[in-house]
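For the sequence shown, numbering that gives the first Met the number 0 begins at 0 and goes up steadily by one.
Have a look at the structure below before the remarks.
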Amino acid sequence: MRLSAACLLVLAALAAWTGAASAQPRQLPPLAPAANDGLKRAFTQGRLTEAQYALERARSLFRLGAVRREFGDVERPGPRDATLILRDLALRLRELSGAERREAEQLLARPDDGDVPDGAGNGWTAPPAEQAMICSADPTIEICVHWVFTVGDPDAPPPEDTTPANGVPDQVDVTLAELEAVWNKEIVDLDYRAPRPDDQSSNDGGGPELDVYLDDIGTPNVGLFGYCTTDDPDAEDPFVFVFSAYCVLDDDYSAAQFGVPPEEHGFLKVTAAHEFHHASQFAYDGVEDLWFMEGTATNMEETVYPTVNDNVFFLNLYSPLTRPASPLDRGGFGDSEYGSWIF
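And the structure:
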């Protein structure tokens with residue numbers, strides 16, 4: 000078939016338009032919602048840029064007292080909020096420089112990164128000789144779990160090693176087993192995209208696998224269930240939408256910190272399902288709106304572990320069922336982004 004000159008011109012113009020459209024810089028999603036606290040007021044009054052606000056909100060995850068001393072009544076982030084707060088910072092990293100840039104990099108760094116001082120983020124204090132790693136024995140499951148075995152170190156999981164007695168703490172064995180179950184359900188059964196290999200990161204954890212670090216993030220002065228974030232340089236590239244992830248889970252999910260779980264290892268199970276899905280999301284588009292990313296990740300808790308039902312909590316308080324007149328993407332009340340999972 001021969002094409003006319005006019006048709007060729009149209010096709011050429013269409014190709015040029017498509018190429019130009021694909022080269023457009025991404026539009027960043029809105030910052031994660033927060034109460035109208037001292038930090039939010041500083042931002043709305045123009046005293047902080049978006050990037051500076053994202054940095055201070057990320058600092059409040061680990062150093063809330065320091066942020067309050069500077070900005071007054073700053074809200075403590077919720078126990079599930081760290082992933083998107085840190086995502087906001089990673090996307091705006093290129094807008095920071097000097098000391099602010101260095102602090103942002105420390106907050107985004109992995110626990111085993113020696114450049115992260117104690118208290119600046121989620122850094123381990125144990126030396127490399129007292130850190131260990133175990134990866135899935137299934138070659139199709141690209142996950143490694145990292146932990147500290149220093150006796151008395153708050154970041155070390157409980158030392159009990161009985162089921163099985165294999166030289167690895169039981170908490171590490173259980174964590175890896177739950178992550179393997181999550182991988183098999185989300186990646187194998189449901190055919191979601193596996194997390195992107197992290198070989199571009201300056202710290203790749205020893206290989207391209209998804210690295211999961213056990214850390215004392217459930218401690219009362221932090222109070223997090225877990226999170227996934229990124230140290231992939233692509234995250235700050237304005238033309239890139241996909242990037243790798245690493246994750247951090249609590250080292251013991253102590254009932255004293257979180258309350259009685261809905262079933263044995265219940266908090267570990269739903270946190271692993273939820274946070275792992277964020278790592279998978281980053282392999283599609285890590286720049287999506289918060290309500291969509293949190294809603295689908297919360298839904299994954301029910302999909303992988305239907306008997307735990309921790310996400311039902313959000314239906315009673317913060318969901319389209321209780322606020323049917325509030326748009327999904329503009330809820331702005333409570334934890335409505337988590338309640339959107341029912342949609």
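Beta carbons: idealized from backbone N, C-alpha and C, even for Gly.
Note that the coordinates shown come from a computational prediction; the quantities given were computed from them, not determined experimentally.
Inter-residue CB distance, residue i and residue j (contact presumed, cutoff 8 Å)
i, j, result
"I84", "P76", "6 Å"
"H145", "D231", "The Cβ separation is near 18 Å, so there is no contact."
"E208", "E141", "4 Å"
"A89", "L107", "6 Å"
"G294", "F240", "With 8 Å as the limit, G294 and F240 do not qualify as a contact, their Cβ atoms being about 19 Å apart."
"V66", "L27", "V66 to L27, Cβ: 22 Å. No contact."
"N121", "V247", "6 Å"
Distance cut-off 6 Å: residue i Cβ against heavy atoms of the ligand MG
i, result
"L27", "Ligands are entirely absent from the displayed structure, and the ligand MG is therefore not among its contents."
Span separating the alpha-carbon of residue i from that of residue j
i, j, result
"V73", "L267", "28 Å"
"G113", "T124", "8 Å"
"G166", "E262", "26 Å"
"Q256", "P158", "18 Å"
"N310", "V221", "21 Å"
"S243", "Y283", "10 Å"
"L189", "V181", "11 Å"
"D328", "E336", "8 Å"
"P138", "D169", "22 Å"
"S135", "L47", "44 Å"
"D111", "D198", "16 Å"
"H273", "G217", "16 Å"
"F342", "P305", "17 Å"
"D36", "L54", "15 Å"
"E69", "C143", "38 Å"
"T297", "G258", "19 Å"
"R109", "R62", "16 Å"
"P260", "G45", "42 Å"
"Q130", "D214", "12 Å"
"A11", "P24", "Unreliable positioning characterises A11 in this predicted model, as indicated by a pLDDT of 48, which lies under 50. A coordinate reading is not provided."
"Q51", "G71", "16 Å"
"G338", "F313", "5 Å"
"P126", "F148", "10 Å"
"S253", "D152", "15 Å"
"A41", "R100", "19 Å"
Identity of the residues DSSP links to residue i by a beta bridge
i, result
"G112", "The sequence shown places Asp at residue 112, not Gly. D112 is not bridged to any residue."
"H145", "M132, Y212"
"S228", "Note that residue 228 is Thr in the sequence shown here, rather than Ser. Note: T228 sits in a beta bridge opposite Y245."
Residue i (DSSP reduced to helix, strand or coil)
i, result
"T297", "helix"
"W123", "coil"
"A96", "For the sequence presented, residue 96 should be read as Ser rather than Ala. If DSSP states are grouped into helix, strand and coil, S96 belongs with coil."
"S201", "coil"
"G267", "The amino acid at residue 267 is misidentified as Gly; the sequence shows Leu. Of the three classes helix, strand and coil, the one that applies to L267 here is helix, per DSSP."
"Y304", "coil"
"S335", "helix"
"Q46", "Correcting the residue identity first, residue 46 is Arg in this sequence and not Gln. Residue state, collapsed to three classes: coil."
"F238", "coil"
"G37", "helix"
"S279", "helix"
"L327", "helix"
"S59", "helix"
"G64", "helix"
"F257", "helix"
"R75", "coil"
"I84", "helix"
"E262", "coil"
"Q26", "coil"
"V150", "coil"
"I341", "helix"
"V286", "coil"
"D309", "coil"
"L320", "coil"
Short CB-CB distance (under 7 Å) between residue i and chain C
i, result
"N35", "The structure shown has no chain C; it contains just one protein chain."
_Touching by the beta-carbon criterion (3+ pairs, under 8 Å), the region 221 to 228 and the region 176 to 185_ = No, the region 221 to 228 does not touch the region 176 to 185.
_Whether or not the region 288 to 300 and the region 23 to 34 are in contact is what I'm after, with contact meaning three or more pairs of Cβ atoms, one per stretch, closer than 8 Å; do they touch?_
They touch, by the three-pair rule.
*Report yes or no: do three or more beta-carbon pairs, one from the region 315 to 324 and one from the region 268 to 286, lie closer than 8 Å?*
Contact between the region 315 to 324 and the region 268 to 286 is absent, because fewer than three Cβ pairs lie under 8 Å.
*asked:* Between the region 231 to 251 and the region 86 to 100, can you find at least three pairs of beta-carbon atoms closer than 8 Å?
replied: The answer is yes - the region 231 to 251 touches the region 86 to 100, with three or more Cβ pairs under 8 Å.
_Using a Cβ distance threshold of 8 Å, determine whether the region 148 to 157 contacts the region 187 to 206, with at least three qualifying pairs required._
Cβ pair count under 8 Å is below three, so no.
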